[in-house]
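From first to last, the protein sequence lines stand for chains A and B. Numbering-wise, numbering that gives the first Met the number 0 puts 87 at position 88 of the first sequence, and it's gapless, one number per residue. Numbering-wise, numbering that gives the first Met the number 0 puts 138 at position 139 of the second sequence, and it's gapless, one number per residue. By construction, the Cβ of each residue, glycine as well, lies at the ideal position given by its N, Cα and C atoms.
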Amino acid sequence: MNPSPRRREHLIGLRGMPKECIERILDTAAETKQIFGRAVKKLPTLRGQVMVNLFYEPSTRTRTSFELAGKWMSADVVNVTVSASSVVKGESLIETAQTIAALGADIVVVRHPAAGVPRLLSRVIDASVINAGDGMHEHPTQALLDLFTIREAKGTVRGLHVVLVGDILHSRVARSNIWGLLTMGARVTVVGPPTLIPPGLESLGVRVRFDLDAVLPEADVVNMLRIQRERQKDGLLPDVREYRAFFALTEERLRLLRPDALILHPGPANLGVEIVPQVLDDPRARIHEQVTNGVAVRMAVLYMLTGGGGRGVAA
Amino acid sequence: MAWLLKGGRVVDPAAGVDQVMDVLIENGVIAAAGHLSGAPEAAGARVLDCTGKVVAPGLIDAGARLGEPGFEHRETIATACEAAAVGGFAAVCALPETNPVVDDPGGVRFVLEASARAPVRVYPMAAATRQAAGQRLVEAGLLKRAGAVALADPGGIQNGGVLRRVLEYARMFDLPVVERPRDASLAGDGVMHEGAAATVRGLKGIPAAAEEAAVARAVILAEMTGARLHLAPVSTAGSVELVRRAKERGVPVTAGTTPHHLTAVDEDVEAHDARWKVDPPLRTEADREALRDAVRDGVVDVIFTDHAPFAREEWELEFDAAPFGISGLETALALLLHDLVLPGRLPLAALIERMSVAPARLFGLPGGSLAPGAPADVTVIDLQAARIVDPESGRSLGRNTPFAGRRLTGWAWAVLVGGRLVMHEGRVLDA
Chain A
0 MNPSPRRREH LIGLRGMPKE CIERILDTAA ETKQIFGRAV KKLPTLRGQV
50 MVNLFYEPST RTRTSFELAG KWMSADVVNV TVSASSVVKG ESLIETAQTI
100 AALGADIVVV RHPAAGVPRL LSRVIDASVI NAGDGMHEHP TQALLDLFTI
150 REAKGTVRGL HVVLVGDILH SRVARSNIWG LLTMGARVTV VGPPTLIPPG
200 LESLGVRVRF DLDAVLPEAD VVNMLRIQRE RQKDGLLPDV REYRAFFALT
250 EERLRLLRPD ALILHPGPAN LGVEIVPQVL DDPRARIHEQ VTNGVAVRMA
300 VLYMLTGGGG RGVAA
Chain B
0 MAWLLKGGRV VDPAAGVDQV MDVLIENGVI AAAGHLSGAP EAAGARVLDC
50 TGKVVAPGLI DAGARLGEPG FEHRETIATA CEAAAVGGFA AVCALPETNP
100 VVDDPGGVRF VLEASARAPV RVYPMAAATR QAAGQRLVEA GLLKRAGAVA
150 LADPGGIQNG GVLRRVLEYA RMFDLPVVER PRDASLAGDG VMHEGAAATV
200 RGLKGIPAAA EEAAVARAVI LAEMTGARLH LAPVSTAGSV ELVRRAKERG
250 VPVTAGTTPH HLTAVDEDVE AHDARWKVDP PLRTEADREA LRDAVRDGVV
300 DVIFTDHAPF AREEWELEFD AAPFGISGLE TALALLLHDL VLPGRLPLAA
350 LIERMSVAPA RLFGLPGGSL APGAPADVTV IDLQAARIVD PESGRSLGRN
400 TPFAGRRLTG WAWAVLVGGR LVMHEGRVLD A
C-alpha cells in the first residue's frame, strides 16, 4: 500500500473531528442552501473535476443526493454501482478503486458494507475520499445534515437533548450522530432493545435507556432510526409487533413529545414499523427538510474538500 | 563438531541457573557448563563469543501454522522453519490447520519427512477429530506412535459430548489435547473484541464470554475425565481466573497465550488494516494486565506464536472479509523482550521458562534444558540489538503482522539445534 503522492483531504467520520470544523461545514451548508431558490442551481467550484460515486450497497437516496450536490457544483459525476452479489466479498476492492482513481477521479464517494473501507481507500488511491456509509462505522454526511437540520430549527445544538431510537448496534447513522452531537455539546440518549444497543456506549458519554415513553417528554430532538426486518431473522428481535409496542413513534407517543421538539428520520422509513404515517404530517417532523439539507451539506463538504475551505475536514 | 559458547549469561530456568559461564557442546548434546578453561578450544571446539549475550535453552513454539500441506501460497515448511530460526526458535509444533487436515498417521509422517532437512525441529500435532470436523475420534494411539505430540482441532471442539470422548480417549495414551476455547455460537460473526473499541469502529464484537464459556466447559470435562487439557490461546481475565481456580483444584489443565495478546489491545486495532484481525481478538487493557500477571505467576504456562501466515491478497482486504491471524514467528521473542522483559514486567528466566521449558514438558519433547546430556538446542539472545520490524525482508511468506514498522529492542542472535549452528545474526545457515 503506497500512500497518496499528493496530500488529499478526506471525510471518513465525525469521531475526532474538531468542533470548529463541523461548524465550518454547517456554515458553508447554510450558504450552499441559498442557491436552491435560484432558477439556475449551479456553482462553478468543481468545474473540470471528476467525482465518482462508488456504491457497493444499493442506495437511491444518498447516491442521488451526492450526485445532485456534485452536479450543482459543476463536477463531472459518474456513478459506479457494484452489486454485492456480483463480487466475491472483498475480491477486488483495492483494484477497483485504484482503477477508478487512475481514470482521473478527483473525488471518490464510497459506500460499502464493511467498516473501514473509506479509510483503506484513502490510503491507496490519489483522490479525496468521502464516506457515504461504511458498515456499522460511520455515515458522516447524514449526521452533518441532521446537525444542520437541528441547528436550522433550534439555532444551536449545544445543550439540546437528542434521543436516538432503534437499532443503534447496526447503525452508522447513530454512531456518526453520537460523535457529532457530543462534539457540538448536545446530550445524547439512545433508546432501543438491549439486543440492539452496542456495548460501551456509557463509557463514551451516551445515556442508554429502554423506556421510550419515559424519555420522550424530555427530548428536544428525537431521531427515529430505520429498523431492518432482518433483525428478526438474526434472532435480535422477537417480531415487529413487539418492537412497535415499545419503540415505534405512534400517534399516542407523538402526544408525549413536547410541542417544540423535532422529529428526524434518516429515511427511507418503514412506515408502520418504527414510525406511523401520521408522523410524516406532524408539524414537528423535519424529515423532508432533511433530504433538502442533505444536498446542501454535501455541497459544502465537496466545496471544503476541494480547497474551498482550506484544510481541516480530514478527520 | 564441538562448539564452545563462551562467556554468555546462561539462563537455564530448569536448573535455576542465571550466571555468566561457558557452555560446551559435543556430539549434539550439552557436554559441560561452567568456567571452562582453554581446553575445549585446544581440543578443536569452535568458539562462539557470547559475551554480553544471553544463552538459553532453545525456544520451542507450542503452536504454529506451517502452511503444508495445502496452503503453500501462505507458507511452506521450509520458509516457516527459516522464520522460526530467525525468530530464535529451535523447534516448532505444527498445528494441523492444513489441507488435507493432518488427522492420520500418514499426515504426521508427511510433516516429519517434509521437515527432515529444515533448520529447526518440527513436531507435528494432529487434529483431535477426523477432518477437524468436531465429530469422530481420530486414531490417537497410532498418531502418537507416528510422532504426533498432541491433538488439536483448529477451531476448537464445539460439541461438548465429542470433547468429552476426545479427552477420555486421549488419556489412554497420555496425549495432551490442545483445545482452542471458542464457543462459535457466542463468537458469531464478530471480528474484534466486543466492547467500546468495537462500537467506535463499527466492527462486530466477539464477547469475552465466547472464550470463557468454552474454558469453563473444557475445564469441567478435564476434571471429569482426568485427561491432559491444554487451553490455547486464552486471552481474557475471566479465562485466566477459571484456569487459576481449576489448577488450585488439581485439574490437569495448562494454558497458553500469545505475544500479541500480551502486548496489544483492542484500542490498537485499525479497522482499515486487517493485519489487526486475530482470533481470539485483542482484548482490553484489563485483560492484557491479567494475562501478564498470569504469565508471570505461571497460571498461564506457555507463550506460543499461534503463527498464522496469509498471502497478501488474502489479508489486504476489508476487515470483515480478511481471515483471522497474525504471522508471528519472527517477531514473537522480540515483542516479548521489548514490551515485557526489558521494562521489567517479566523476568527473563520466566519468559524462557514459558517458551522453552514449559512446552518441552507439556508435549514431552527433548529440550528445555542446558544440563549436561541434554540435546544441544540453544537460543542466544542479544538484549541490546534494536531493529525495525520489516515483514518484507522476513523469511516467512506471511507478511501479515500489525507490528510492521515497530522498533524493537532484544532479538535472537544465534540458534543451535542438536549442536548445529542454524542461525547466526539473522542469517539461516545451511546444513
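Reference residue i, options the options, closest by Cα
i, options, result
"Pro-258(B)", "Ala-231(B), Arg-244(B), Leu-241(B) and Val-242(B)", "Ala-231(B)"
"Glu-193(B)", "Leu-361(B), Ala-209(B) and Val-110(B)", "Ala-209(B)"
"Cys-92(B)", "Leu-111(B), His-337(B) and Ala-385(B)", "Leu-111(B)"
"Gly-43(B)", "Ala-1(B), Ala-221(B), Leu-35(B) and Gly-367(B)", "Ala-1(B)"
"Ile-59(B)", "Gly-367(B), Val-340(B), Glu-424(B) and Glu-81(B)", "Gly-367(B)"
"Glu-194(A)", "Tyr-242(A), Ser-73(A) and Arg-62(A)", "Checking the sequence shown, residue 194(A) turns out to be Thr, not Glu. Nearest C-alpha to Thr-194(A): Tyr-242(A)."
"Leu-35(B)", "Gly-66(B), Leu-339(B), Thr-97(B) and Met-20(B)", "Met-20(B)"
"Ala-247(A)", "Leu-235(A), Lys-232(A), Leu-261(A) and Pro-276(A)", "Pro-276(A)"
"Pro-175(B)", "Ser-184(B), Ala-127(B) and Ala-131(B)", "Ala-127(B)"
"Gly-271(A)", "Trp-178(A), Glu-201(A), Pro-265(A) and Glu-250(A)", "Glu-250(A)"
"Ile-167(A)", "Leu-159(A), Ile-226(A), Leu-263(A) and Ser-202(A)", "Ile-226(A)"
"Ile-205(B)", "Ala-221(B), Cys-80(B), Ala-348(B) and Leu-185(B)", "Leu-185(B)"
"Leu-335(B)", "Leu-396(B), Gly-409(B), Leu-361(B) and Ala-320(B)", "Gly-409(B)"
"Ala-115(B)", "Glu-424(B), Gly-146(B) and Leu-220(B)", "Gly-146(B)"
"Gly-115(A)", "Val-85(B), Pro-251(B), Ala-273(B) and Ala-254(B)", "Ala-273(B)"
"Ile-196(A)", "Ala-299(A), Ala-38(A), Leu-215(A) and Ser-170(A)", "Ser-170(A)"
"Met-223(B)", "Ala-89(B), Glu-167(B), Asp-286(B) and Glu-240(B)", "Glu-167(B)"
"Pro-267(A)", "Ile-21(A), Val-172(A) and Pro-258(A)", "Val-172(A)"
"Arg-108(B)", "Lys-143(B), Glu-96(B) and Ala-131(B)", "Lys-143(B)"
"Asp-259(A)", "Asn-292(A), Leu-215(A), Thr-27(A) and Thr-291(A)", "Leu-215(A)"
"Asn-130(A)", "Val-39(A), Trp-178(A), Leu-53(A) and Val-161(A)", "Leu-53(A)"
"Ala-217(B)", "Val-239(B), Val-252(B) and Arg-244(B)", "Val-252(B)"
"Asp-128(A)", "Glu-273(A), Ile-11(A), Arg-297(A) and Ala-38(A)", "The displayed chain sequence assigns Val, not Asp, to residue 128(A). If we check each option's Cα against that of Val-128(A), Ile-11(A) comes out closest."
"Arg-110(A)", "Thr-140(A), Gln-289(A) and Gly-103(A)", "Thr-140(A)"
"Met-354(B)", "Arg-406(B), Gly-297(B), Gln-383(B) and Gly-343(B)", "Gly-297(B)"
Residue-chain proximity (residue i, chain E), Cβ-Cβ < 8 Å
i, result
"Arg-200(B)", "Absence of chain E from the displayed structure is noted, the protein chains being A and B."
C-beta contact flag for residue i and residue j at 8 Å
i, j, result
"Val-49(A)", "Val-79(A)", "no"
"Phe-318(B)", "Val-277(B)", "no"
"Met-124(B)", "Val-177(B)", "yes"
"Leu-369(B)", "Ala-32(B)", "yes"
"Gly-6(B)", "Asp-48(B)", "yes"
"Asp-265(B)", "Arg-282(B)", "yes"
"Ala-100(A)", "Ile-124(A)", "yes"
"Pro-371(B)", "Ile-29(B)", "yes"
"Gly-62(B)", "Asp-305(B)", "yes"
"Leu-120(A)", "Val-107(A)", "yes"
"Leu-224(A)", "Gly-204(A)", "no"
"Ala-307(B)", "Arg-45(B)", "no"
"Leu-345(B)", "Arg-426(B)", "no"
"Arg-129(B)", "Asp-102(B)", "yes"
"Glu-96(B)", "Pro-153(B)", "yes"
Just by C-beta distance, which residues in the region 217-250 of chain B are closer than 8 Å to chain A? none
Contiguous beta strand (DSSP E) assignments of at least 3 residues, all confined to the region 198-238 of chain B: 228-230
Near-chain B residues of the region 127-142 of chain A - C-beta to any C-beta below 8 Å: Asp-133, Gly-134, Met-135, His-136 and Glu-137
Sufficient close CB pairs (3 or more, under 8 Å) joining the region 10-26 of chain B to the region 22-35 of chain A: no
Touching by the beta-carbon criterion (3+ pairs, under 8 Å), the region 409-427 of chain B and the region 108-123 of chain B: yes
Could you list the residues in the region 194-207 of chain A with a C-beta less than 8 Å from some C-beta on chain B, going in chain order? Pro-197, Pro-198, Gly-199, Leu-200, Ser-202 and Leu-203
Could you tell me whether the region 187-201 of chain B touches the region 263-280 of chain B, using the rule of 3 or more Cβ pairs below 8 Å? yes
Mind checking the region 316-336 of chain B against chain A and listing, in chain order, the residues whose C-beta falls within less than 9 Å of any C-beta there? Leu-316, Glu-317, Phe-318, Asp-319, Ala-320 and Ala-321
Curious, which full-length beta strand (DSSP E) runs of at least 3 residues does the region 29-103 of chain B contain? 45-48, 53-56, 58-63 and 88-93
Any C-beta of chain B within less than 7 Å: which residues of the region 64-75 of chain A qualify? none
Mind the definition here: the region 225-239 of chain B touches the region 286-301 of chain B only if three or more C-beta pairs lie below 8 Å; say whether that holds. yes
Taking any Cβ of chain B, which residues in the region 4-22 of chain A have a Cβ under 8 Å from it, in chain order? Arg-14
Against chain A: residues of the region 62-86 of chain B by CB proximity under 9 Å: none
Which ranges would you report for the alpha helix (DSSP H) in the region 215-299 of chain A if only whole runs of at least 4 residues count? 229-232, 239-246, 250-253 and 277-280
Mind the definition here: the region 151-162 of chain A touches the region 207-226 of chain A only if three or more C-beta pairs lie below 8 Å; say whether that holds. yes
Hey, is the region 205-212 of chain A in contact with the region 178-193 of chain A, meaning 3+ C-beta pairs nearer than 8 Å? yes
Along the region 89-116 of chain A, what residues have a CB closer than 8 Å to any CB found in chain B? Gly-89, Leu-92, Ile-93, His-111, Pro-112, Ala-113, Ala-114, Gly-115 and Val-116
Inter-stretch contact (C-beta, 8 Å, three-pair minimum) for the region 17-24 of chain A and the region 59-75 of chain A: no
At a Cβ cut of 8 Å, what residues of the region 211-241 of chain A count as close to chain B, listed as they run along the chain? none
My parser needs the alpha helix (DSSP H) runs of 4 or more residues fully inside the region 366-390 of chain B; what are they? none
Short of 9 Å Cβ to Cβ, which residues in the region 288-305 of chain B face chain A? none
Taking the runs of the alpha helix (DSSP H) that are 4 residues or longer, which of them lie wholly in the region 113-191 of chain B? 139-145, 159-170 and 183-186
Whole runs of the alpha helix (DSSP H) within the region 279-322 of chain B, excluding any shorter than 4 residues: 284-296 and 311-314
Check distances from the C-beta atoms of the region 262-280 of chain B to those of chain A and list, in chain order, the residues that come in under 7 Å. Ala-270 and His-271
May I have a chain-ordered list of the alpha helix (DSSP H) segments no shorter than 4 residues that lie completely inside the region 328-362 of chain B? 331-335, 347-351 and 357-362
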